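Q:
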Ligand SMILES: C[S@@+](CC[C@H](N)C(=O)[O-])C[C@H]1O[C@@H](n2cnc3c(N)ncnc32)[C@H](O)[C@@H]1O
């Protein structure tokens, strides 16, 4: 029988919202197959799925136990009785579901421990958790790991801690989760705790063609962890194809010499924790310089309301806003083609009716503004703009953030490759781009730095500092971009190192 490969997700509206608040993303059968193979390798007597949903892991576990001829009791939890009712309709009968409880797994955990736990936890981000639940989770994690977990951790992070606590000695856990579990601000604390107490056996990442959740913008990883003495090495596996039998075989303990659908890297735990578990192994070479040695990075301007503050030159003229009260700006990544942005590109955007001018009246009192601009601002007030969350913190409310035009911009998020853009147009970017300010302003220095930044080897290093999303998208925050390693050979060939003072990392502003 050909099984359905993935859940069709509602793209918007109430149903999608329910998914977000309940975290109900279903694991495809082919993924459940290899996750279950790992936890059932030693033929345990019991298996726990602490976030049962429609029961995909129960079904896979039943098949496994049947084909390997051993008895397995299934234990489950969920907070949503309606979903569990659906599990009843899918190859699972009353006997399979008799140990299922409708209870919160993290805050009201089972009293016993389990030799096999398999989970796809609810993916609920921290800002969707009710305050009272968040406080209880914080207290739980502090008691469990003895350290504070940053409040930006989602429910899936606490679920992992609880799942590990619920493993019996020697027991196995297989956990599928978004890569942010090893990229968020809380990640270091979490993984140091795990690596010191448990044995990380395998981490599975997925190539774009084999992503388990094709409709969700997330980069999924599977962690296989045993409640055993921690080891020094583990397998970091990339799954290149769905339904990989080689993966089932590897996780069942049968390592093949050659594989076509998976790629296995043996990595040291120490290296992987410092590189990030979601990232491929960093090459042996460690670069000596980072972008932060040569430039500083800031996010682009947040206007608070692009429709009001950001407009075409034609519209500004219609309103009667003089050019002296406008700055040239670029508002979205799609408005930039390629790696160079020129004055002709600004004209091209204007011609296409794309906004290119930002209202900027800072430094002038209301009375000093032309009557047409005063009228425009009053119109904004009338429509309640001055009460909008971000805008109301500004004084006066129409005051704009300021940025010098950056010689280099960085497109930090997107399905297409993240890239550096040389800004010849004198624009300031809105928040869709980052501003890169070289520490020296001379054209020669900026050009050499640009050459290093636009080189594919440098772009490749973005994986080392960025957060990964589905479809190979990457997001890099300003501080993380400053940590971007610049390949030594390029820094040298572009003679950037001659600008550095004797102390590595401090730029010499004196003689070139
Ligand atoms: C991502 S779904 C996974 C379901 C299923 N195991 C699968 O892989 O397809 C997570 C499930 O956890 C349930 N859930 C949410 N909060 C929970 C909690 N605190 N304790 C136990 N289950 C919870 C949700 O209702 C949902 O059915």
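In my numbering, the protein residues as written are 12 to 523. Built from N, CA and C at the ideal position, the CB exists for glycine as well. Computed from a predicted model, the values in this text were never measured in an experiment.
1. Between which two residues does the alpha helix (DSSP H) containing residue 391 stretch?
2. Quick one, which of 144, 146, 432 has its alpha-carbon nearest residue 345's?
3. I need the straight-line Cα distance from residue 511 to residue 465, nearest angstrom please.
4. In chain order, what residues of the same chain have a beta carbon less than 7 Å from the beta carbon of residue 503, not counting five sequence neighbours either side?
5. Extract the residue ranges of the beta strand (DSSP E) inside the segment 412 to 477, only unbroken runs of 3 or more that lie entirely within it.
6. Does the beta-carbon of residue 119 have 16 or more other beta-carbons within 10 angstroms, so that it is buried, or is it exposed?
7. Below 8 Å on the Cβ atoms is my contact criterion, and I expect residue 216 with residue 201 to pass it. Report the Cβ-Cβ distance as a whole number of Å.
8. Work out the CA separation of residue 412 and residue 462 for me, nearest whole Å.
9. If you follow the alpha helix (DSSP H) that residue 110 is part of, which residue opens it and which one closes it?
10. Tell me whether residue 61 counts as near ligand 1, meaning its Cβ is closer than 7 Å to at least one heavy atom of that ligand.
11. Thinking just about the alpha-carbon of each residue, which of 335, 162, 264, 114 is nearest to the one in residue 196?
12. To the nearest angstrom, how far is the alpha carbon of residue 136 from that of residue 166?
13. Would the C-beta of residue 574 count as close to ligand 1, meaning under 7 Å from any of its heavy atoms?
14. Starting from residue 249, trace the beta strand (DSSP E) in both directions and tell me its first and last residue.
15. By Cβ distance below 7 Å, which residues in the same chain neighbour residue 364 in space, the five residues on each side in sequence not counted?
16. What span of residues does the alpha helix (DSSP H) with residue 406 cover, start to end?
17. When every heavy atom of ligand 1 is checked, does at least one fall within less than 7 Å of the C-beta of residue 191?
18. Assuming residue 237 and residue 210 form a contact by the criterion Cβ under 8 Å, report the distance between their Cβ atoms to the nearest whole angstrom.
19. Using the Cα positions of residue 51 and residue 89, report the straight-line distance between them to the nearest angstrom.
20. Whose C-beta lies closer than 6 Å to the C-beta of residue 360 among residues of the same chain, with five residues either side of it excluded?
21. Residues in its own chain within less than 7 Å of residue 295 by CB, not counting five upstream and five downstream?
22. Can you tell me whether residue 529 sits near ligand 1, meaning its C-beta is under 7 Å from at least one heavy atom of the ligand?
23. Cα separation between residue 286 and residue 194?
24. Is residue 118 helix, strand or coil by DSSP?
25. For residue 379, count neighbouring C-beta atoms within 10 Å of its own C-beta (all shown protein chains included) and say buried if the count is 16 or more, exposed if not.
26. Say the cut is 7 Å; is the CB of residue 47 nearer than that to a heavy atom of ligand 1?
27. Pull up the distance between the alpha-carbon of residue 514 and that of residue 355, whole angstroms please.
28. Sorry if obvious, but does the Cβ on residue 65 come closer than 7 Å to a heavy atom of ligand 1?
29. So, with DSSP's three-state summary, where would you put residue 129?
30. With 16 as the cutoff for other CB atoms within 10 Å, does residue 82 come out buried or exposed?
31. Which residue marks the beginning of the alpha helix (DSSP H) containing residue 46, and which one marks its end?
32. Assess contact between the segment 302 to 314 and the segment 447 to 454, defined as three or more Cβ pairs (one per stretch) separated by less than 8 Å. Is contact present?
33. Span of the alpha helix (DSSP H) holding residue 363?
34. Under a three-way DSSP split, which group does residue 213 fall into?
35. Sort 144, 172, 140, 143 by Cα distance to residue 154 and report the nearest one.
36. Taking the continuous beta strand (DSSP E) assigned at residue 140, which residues delimit it?
A: On the basis of the coordinates in this document:
1. Reading the chain shown from its first residue, position 380 is the one you call residue 391. Segment 382 to 393, the alpha helix (DSSP H) holding residue 391.
2. Locating residue 345 in the chain shown gives position 334, where the first residue counts as 1. Nearest C-alpha to residue 345: 432.
3. For the purposes of this step, residue 511 is taken as residue 500 along the chain shown, with counting starting at 1. For the purposes of this step, residue 465 is taken as residue 454 along the chain shown, with counting starting at 1. Residue 511 and residue 465 have their C-alpha atoms some 20 Å from each other.
4. Counting from one through the chain shown, the residue named residue 503 turns up at place 492. Shown here for residue 503: not one same chain residue has a beta carbon closer than 7 Å to its own, the five before and five after excluded.
5. Complete beta strand (DSSP E) runs here, min 3: 419 to 422, 430 to 434, 444 to 449.
6. Sequence index remark: in the chain shown, residue 119 carries index 108 (1-based). By the neighbour-count rule (16 or more Cβ atoms within 10 Å), residue 119 is not buried but exposed.
7. Numbered from its first residue, the chain shown carries residue 216 at position 205. Numbered from its first residue, the chain shown carries residue 201 at position 190. Wrong, their Cβ atoms sit about 18 Å apart, outside the cutoff.
8. One-based indexing of the chain shown puts residue 462 at position 451. One-based indexing of the chain shown puts residue 412 at position 401. Here the alpha carbons of residue 412 and residue 462 stand approximately 30 Å from one another.
9. Locating residue 110 in the chain shown gives position 99, where the first residue counts as 1. Segment: none, residue 110 is in no alpha helix (DSSP H) and carries neither H nor E.
10. Indexing the chain shown from 1 puts residue 61 at position 50. Because some heavy atom of ligand 1 lies under 7 Å away, the Cβ of residue 61 counts as near it: yes.
11. Here residue 196 corresponds to residue number 185 of the chain shown, with the count starting at 1. The candidate whose alpha carbon is nearest that of residue 196 is 162.
12. Within the chain shown, the letter at position 125 stands for residue 136. Within the chain shown, the letter at position 155 stands for residue 166. Whole-angstrom Cα-Cα distance: 7 Å.
13. In the structure displayed, the chain extends from 12 to 523; residue 574 sits before or after that span and is not available.
14. Residue mapping note: residue 249 aligns to position 238 of the chain shown, counting from 1. In the DSSP assignment, residue 249 falls within the beta strand (DSSP E) that extends over 244 to 250.
15. Working through the chain shown from its first residue, we reach residue 364 at position 353. Cβ neighbours of residue 364 beyond the five flanking positions: 323.
16. As a position in the chain shown, residue 406 is number 395, starting the count at 1. Taken as a continuous stretch (DSSP letters only), residue 406 belongs to no alpha helix (DSSP H), as it is neither H nor E.
17. Residue numbering aside, residue 191 sits at position 180 when the chain shown is read from its first letter. It does not: the Cβ of residue 191 is nowhere closer than 7 Å to a heavy atom of ligand 1.
18. Counting from 1 along the chain shown, the entry for residue 237 is found at position 226. Counting from 1 along the chain shown, the entry for residue 210 is found at position 199. About 5 Å; that satisfies the 8 Å criterion.
19. Walking along the chain shown from the start, residue 51 turns up at place 40. Walking along the chain shown from the start, residue 89 turns up at place 78. For residue 51 and residue 89, the gap between their C-alpha atoms comes out near 21 Å.
20. Locating residue 360 in the chain shown gives position 349, where the first residue counts as 1. Counting only Cβ-Cβ distances below 6 Å, and skipping sequence neighbours, we find 346, 367.
21. On the chain shown, residue 295 is found 284 positions in, with the first residue counted as 1. Note that residue 295 has pLDDT 46, beneath the 50 cutoff, so the model's placement of it is unreliable and no number is given.
22. Residue numbering for the chain in the displayed model covers 12 to 523; residue 529 lies beyond these limits and cannot be assessed.
23. Locating residue 286 in the chain shown gives position 275, counting from the first residue. Locating residue 194 in the chain shown gives position 183, counting from the first residue. Roughly 10 Å separates the two Cα atoms.
24. The count along the chain shown starts at 1 and reaches residue 118 at position 107. The DSSP-derived three-state label of residue 118 is coil.
25. Here residue 379 is taken as the residue at index 368 of the chain shown, counted from 1. It counts as exposed.
26. In the chain shown, residue 47 corresponds to position 36, counting from 1. Flag unset: Cβ of residue 47 not near ligand 1.
27. In the chain shown, counting from the first residue as 1, residue 514 sits at position 503. In the chain shown, counting from the first residue as 1, residue 355 sits at position 344. Confidence at residue 514 is low in this model, with a pLDDT of 48, below 50, so its placement is unreliable and no value can be given for it.
28. To locate residue 65, count along the chain shown from 1; it is residue 54. At least one heavy atom of ligand 1 lies less than 7 Å from the C-beta of residue 65.
29. Taking the chain shown and counting its residues from 1, one reaches residue 129 at position 118. DSSP places residue 129 in strand when its eight states are reduced to three.
30. For this step, residue 82 is matched to residue 71 along the chain shown. With fewer than 16 other CB atoms across the displayed protein chains lying within 10 angstroms of its CB, residue 82 is exposed.
31. Here residue 46 refers to the residue found at position 35 when the chain shown is read from its first residue. Here the alpha helix (DSSP H) through residue 46 covers 40 to 50.
32. Between the segment 302 to 314 and the segment 447 to 454, the count of C-beta pairs closer than 8 Å reaches three or more; the two stretches touch.
33. What you label residue 363 is simply residue 352 of the chain shown in a count that begins at 1. Element bounds for residue 363: n/a, residue is neither H nor E.
34. What you label residue 213 is simply residue 202 of the chain shown in a count that begins at 1. Assigned with DSSP and collapsed to three states, residue 213 falls in strand.
35. As a working mapping, residue 154 is identified with position 143 in the chain shown. It is 172.
36. Here residue 140 refers to the residue found at position 129 when the chain shown is read from its first residue. In the DSSP annotation of this structure, residue 140 is not part of any beta strand (DSSP E), being labelled neither H nor E.
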